[in-house]
Amino acid sequence: MGRYEESLWDVLSREKRPIFLYGTGNGGDKIIAALEKYGVKLSGVFASDGFVRSRTFHDMPVRAYSEVTAEYGDDIVILLAFGTTIPEVREFIEQLDRRHTLFIPDVPLYGGELFDGAHFASCADRLEKVRELLWDEVSKGIFDDAVNFRLSGKYRYLQNGDDNVTVLREVFSGQEINTVVDGGAFKGDSAAEFISALSPRKIIAVEADAKTFGKLSAYAESVTECCVMPVNAALWDENSEMTYVSSASRGSGESGRNRRAKEVTVLCRTVDEIAGDEAVDLIKLDVEGAEARAIDGAERVILRDRPNLAVSLYHRTDDIMALVERVHGLLPEHRMMMRRADCIPFWDLTLYAVR
Numbered sequence: 005m006g007r008y009e010e011s012l013w014d015v016l017s018r019e020k021r022p023i024f025l026y027g028t029g030n031g032g033d034k035i036i037a038a039l040e041k042y043g044v045k046l047s048g049v050f051a052s053d054g055f056v057r058s059r060t061f062h063d064m065p066v067r068a069y070s071e072v073t074a075e076y077g078d079d080i081v082i083l084l085a086f087g088t089t090i091p092e093v094r095e096f097i098e099q100l101d102r103r104h105t106l107f108i109p110d111v112p113l114y115g116g117e118l119f120d121g122a123h124f125a126s127c128a129d130r131l132e133k134v135r136e137l138l139w140d141e142v143s144k145g146i147f148d149d150a151v152n153f154r155l156s157g158k159y160r161y162l163q164n165g166d167d168n169v170t171v172l173r174e175v176f177s178g179q180e181i182n183t184v185v186d187g188g189a190f191k192g193d194s195a196a197e198f199i200s201a202l203s204p205r206k207i208i209a210v211e212a213d214a215k216t217f218g219k220l221s222a223y224a225e226s227v228t229e230c231c232v233m234p235v236n237a238a239l240w241d242e243n244s245e246m247t248y249v250s251s252a253s254r255g256s257g258e259s260g261r262n263r264r265a266k267e268v269t270v271l272c273r274t275v276d277e278i279a280g281d282e283a284v285d286l287i288k289l290d291v292e293g294a295e296a297r298a299i300d301g302a303e304r305v306i307l308r309d310r311p312n313l314a315v316s317l318y319h320r321t322d323d324i325m326a327l328v329e330r331v332h333g334l335l336p337e338h339r340m341m342m343r344r345a346d347c348i349p350f351w352d353l354t355l356y357a358v359r
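All residue numbers for the sequence shown refer to the numbering used here, where the first residue is 5 and numbers rise by one.
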C-alpha cells in the first residue's frame with residue numbers, strides 16, 4: 005500500500021503557517037469539526053472578493069481573499085470548503101493551488117468516519133482486495149486517485165475526470181440498453197445523458213424531491229426520443245414512508261446540508277416493486293447515501309435480469325469498499341469498473357458493473 009499519501013490531518017497538525025478556510029456552509033462545519041479533533045487552529049475564513057458580505061462563520065469574520073493575502077502574503081495554507089463544476093471557479097481554485105498551499109479536505113457527505121490515517125490503516129487490506137476486483141487499469145488508477153485524494157486533499161488527484169456521456173458510451177459499447185431505472189433522476193439530467201449515449205426505449209426516472217420532480221415531469225413530457233416515466237419516490241429496501249429533507253437541489257435528503265431545507269414525508273419504493281415484471285438492462289443509483297438500501301430493494305430484479313449497474317460511491321466514507329463488495333457479491337461475473345465526472349472535490353465517483 006506504499007502508493008498512498010500521508011493523511012492531510014497529520015500534515016495539518018504539524019503546520020506552522022496560517023491556515024484559512026475558503027468557503028462556509030455545511031462543508032465548512034465538517035472541516036472545522038475535523039480540525040478541532042486534531043487540535044488544529046484556523047487563522048480565519050475568507051470568501052471570493054465578489055461574494056463577501058458582512059457576516060461571521062463559527063464566530064470568525066468572513067474576510068475577502070484579497071484582504072487576507074494583503075495581510076499574510078502568499079505563504080498560507082488554504083482549505084477549500086465547497087464543491088464546484090463551474091469552469092471559472094475551478095480556474096480560480098487552480099490559481100490558488102499554484103500560488104499557495106491548497107488542500108481540499110474530504111469529509112463525509114452523509115455519514116461515516118473521517119478518512120484519516122487511522123481509518124485508512126484499519127481498512128488497508130480491505131481496500132487492496134477491492135482494488136483487485138476492478139477490471140481495468142483505468143479503474144485501478146481512479147481508485148488510487150480516490151484513496152489518495154481522501155487521504156491528502158491534494159488537487160492533483162482531481163484531474164482525471166470525464167463527461168458522463170463519453171463514459172457511458174465507452175463502458176456500454178456494443179450493448180443494447182432498452183430499459184433503464186434511473187434512481188436519483190433530479191430534473192432529468194441523467195436521463196438526457198442516457199438518451200444521448202445509449203438510446204434506450206424506456207427510462208423509469210425516480211426522484212424523491214417534490215419540487216424537483218415537477219421539473220422532471222416537465223422534462224419527461226418534452227422528450228420524444230424515448231419513453232421517460234417519472235416516479236415520485238425515494239428508493240429504499242422496502243415500500244414505506246420516511247422523513248426527507250427537501251431542498252429542490254442536488255443533495256436533497258441530507259439533513260443539515262441546506263440550512264433553508266425543510267423536512268417532508270415521502271413515499272419509499274423498491275426497484276423490485278417499480279420494475280415489476282419488466283426486464284431491466286441498467287440500474288443507476290445516485291440516491292444521496294441510500295445506495296446500499298436501494299440495492300437491497302432491487303435484489304430480485306438484479307438476480308433475475310443480471311442488469312448493468314451504475315452506483316455512486318462517494319456519499320459515505322466506506323461506499324468505495326462496501327458497495328463494490330455488495331455488487332460483486334450479487335453479480336460476480338460482471339466487470340467492475342470505476343469512472344468519475346470532472347468536478348471538485350472527488351464527487352460523482354461511480355461503480356459500473358458491466359455484463
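All C-beta atoms, glycine included, are put in the ideal place defined by N, C-alpha and C.
On a predicted model such as this, the values are computed, not experimentally measured, just so you know.
Taking C-beta separations shorter than 7 Å and ignoring five residues to either side along the sequence, the partners of C230 in its chain run I199, P204, R205, K206 and I207, following chain order.
Inter-residue distance for G115 and P234 is about 28 Å (C-alpha atoms, whole angstroms).
Considered as a whole, the region 64-118 harbours 69-76 and 91-103 as its complete alpha helix (DSSP H) runs of no fewer than 4 residues, in chain order. E267 sits away from V284, with the two beta carbons spaced by 7 Å or more.
If you ignore the 5 residues before and after R7, its C-beta comes within less than 7 Å of the C-beta of D148, all in its own chain and listed in chain order. Using a Cβ distance threshold of 7 Å, G87 and W351 count as a contacting pair.
When secondary structure is reduced to three states using DSSP, G333 falls in the helix class. I35 is not a Cβ neighbour of A68, given a cutoff of 7 Å. Given a length threshold of 3 residues, each whole run of the beta strand (DSSP E) inside the region 163-224 is given here in chain order: 183-187 and 206-211.
Within its own chain, the residues whose Cβ lies closer than 7 Å to the Cβ of G31, once the five positions on either side in sequence are excluded, are A85, F86 and V111, listed in chain order.
In this model, D101 and L202 are separated by some 37 Å (Cα to Cα). Here E180 is exposed, its C-beta having fewer than 16 other C-beta atoms within 10 Å. For V134, there is no enclosing beta strand (DSSP E); the residue is found in the alpha helix (DSSP H) stretching over G121 to L137. T269 is a Cβ neighbour of E245, given a cutoff of 7 Å. V49 is bridged by DSSP to L25 and V66.
Beta-bridge annotation (DSSP): R339 is paired with V358.
If you look at K266, you'll find it isn't in any alpha helix (DSSP H); it sits in the beta strand (DSSP E) that goes K266 to R273. Our two residues, T274 and L327, have alpha carbons roughly 17 Å apart in a direct line.
L239 is positioned such that its CB atom lies closer than 7 Å to that of A298. For T28, the closest C-alpha among the options V44, I348, H62 and S11 is that of H62. Measuring C-alpha to C-alpha distances from A209 to each of A296, L286, A195 and S177 identifies A195 as the nearest. DSSP places F61 in the strand class (E or B) of the three-state scheme. Excluding the 5 residues flanking it on each side, S47 has same chain C-beta neighbours closer than 8 Å at P22, I23, F24, Y76 and I80, in chain order. A direct Cα-Cα distance of roughly 12 Å separates R359 from A314.
Under the DSSP assignment, V315 falls outside any alpha helix (DSSP H), being part of the beta strand (DSSP E) whose first and last residues are N312 to S316. For K20, the three-state secondary structure derived from DSSP is coil. Under the DSSP assignment, N152 falls in the alpha helix (DSSP H) whose first and last residues are E141 to S156. For S11, DSSP assigns no beta-bridge partner whatsoever. With a threshold of 16 other beta carbon atoms within 10 Å, E10 falls short and is exposed.
By a beta-carbon distance limit of 8 Å, V184 contacts K288. Their separation comes to about 7 Å. A distance below 7 Å separates the beta carbons of L138 and M340.
The beta-bridge partner set that DSSP reports for A238 consists of C272.
E211 sits close to F217, with the two beta carbons spaced by under 7 Å. Taking all protein chains in view, the Cβ of A222 is surrounded by fewer than 16 other Cβ atoms within 10 Å, so the residue is classified as exposed.
Shown here, V56 sits in coil according to DSSP, grouped into three states, outside any helix or strand. For T354, the closest alpha carbon among the candidates P109, F119, L39 and K144 is that of K144.
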